[in-house]
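Residue numbering for the sequence shown follows full-length UniProt numbering, beginning at 1 and increasing consecutively. Below is one structure; the comments refer to it alone.
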Amino acid sequence: MRSAFDFAPYRRSTVGFDRLFDMLENSSLGQTQENYPPFDLIKAGENEYRIELAVAGFKPDEIDITSQQNQLVVSGRKNEESDETGSDYIYRGIANRSFERRFALADHIQVRGADLKDGLLAIELVREIPEAMKPRKIDIGGSARQTIEANAEHAK
Numbered sequence: 001m002r003s004a005f006d007f008a009p010y011r012r013s014t015v016g017f018d019r020l021f022d023m024l025e026n027s028s029l030g031q032t033q034e035n036y037p038p039f040d041l042i043k044a045g046e047n048e049y050r051i052e053l054a055v056a057g058f059k060p061d062e063i064d065i066t067s068q069q070n071q072l073v074v075s076g077r078k079n080e081e082s083d084e085t086g087s088d089y090i091y092r093g094i095a096n097r098s099f100e101r102r103f104a105l106a107d108h109i110q111v112r113g114a115d116l117k118d119g120l121l122a123i124e125l126v127r128e129i130p131e132a133m134k135p136r137k138i139d140i141g142g143s144a145r146q147t148i149e150a151n152a153e154h155a156k
């Protein structure tokens, strides 16, 4: 299934963006995905994000959070044991089903931690750019030549 937008001209003139274009082209497939549990995406700071999922009725040991490469998978599986209270339900409106939610993470996004409180699972994310990838100022002039000459003199 292809998207309505053709990314071919961009693919020809860019290098290393294949994963991004594939994700954009396949985004229409994600629209058929089930919308349970509902969630919020929150930008908490310049490089900080939070995902909040409504997981009412789930205990911490029934939820798994896995971060692998550029994907975050949150899944919940209710224990198959009978109701703890022994009650017979006339109507059960609170969802008691298993779920799996997948989130594509950008490069250098790391999961900092997670907390379950009042039926909301909050997953803290942070963008940590490696020092080698941060912009750095390059001086114009013979600084490289001076460094080589200084090293040569020091070696004598």
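C-beta atoms are modelled at their ideal positions from N, C-alpha and C, and glycine is treated no differently. Here the structure is a predicted model, which is why all the values come from computation and not from measurement.
Under the three-state DSSP convention, the category residue i falls into
| i | result |
| --- | --- |
| F21 | helix |
| R101 | strand |
| S87 | coil |
| A114 | strand |
| Y10 | helix |
| A132 | helix |
| E46 | coil |
| D61 | helix |
| G76 | strand |
| I94 | coil |
| I51 | strand |
| Q71 | strand |
| F5 | coil |
| A106 | coil |
Whole-angstrom distance between residue j and residue i, CA atom to CA atom
| i | j | result |
| --- | --- | --- |
| D139 | G119 | 54 Å |
| M133 | T66 | 26 Å |
| P135 | N47 | 16 Å |
| I63 | A54 | 12 Å |
| D22 | E131 | 28 Å |
| K43 | Y49 | 4 Å |
| L41 | D115 | 15 Å |
| S13 | G141 | 32 Å |
| R11 | Q68 | 26 Å |
Minimum C-alpha distance to residue i - residue among the options
| i | options | result |
| --- | --- | --- |
| N70 | R101, K43 and D107 | D107 |
| D6 | D64, E25, R19 and L20 | E25 |
| Y36 | K137, N79 and R102 | R102 |
| E100 | E131, L20, F39 and G93 | F39 |
| P60 | K137, I42 and K117 | K117 |
| N79 | Y49, S98 and D115 | S98 |
| I94 | K43, R12 and F58 | F58 |
| A56 | A8, N96, D115 and K137 | N96 |
| V19 | L105, L41, D115 and G141 | The question names Val, but residue 19 in the sequence shown is Arg. Out of L105, L41, D115 and G141, L105 has the C-alpha closest to the C-alpha of R19. |
Residue i burial status per 10 Å Cβ neighbour count (16 or more: buried)
| i | result |
| --- | --- |
| F17 | exposed |
| I129 | exposed |
| V15 | exposed |
| S82 | Annotation note: pLDDT 48 at S82 (below 50); position unreliable, coordinate value reported separately. Classification of S82: exposed, given that the 10 Å Cβ count is below 16. |
| I51 | buried |
| L121 | buried |
Given 8 Å, three or more beta-carbon pairs between the region 66-77 and the region 88-96: At 8 Å Cβ cutoff, the stretches do not touch.
Inter-stretch contact (C-beta, 8 Å, three-pair minimum) for the region 99-114 and the region 122-130: yes
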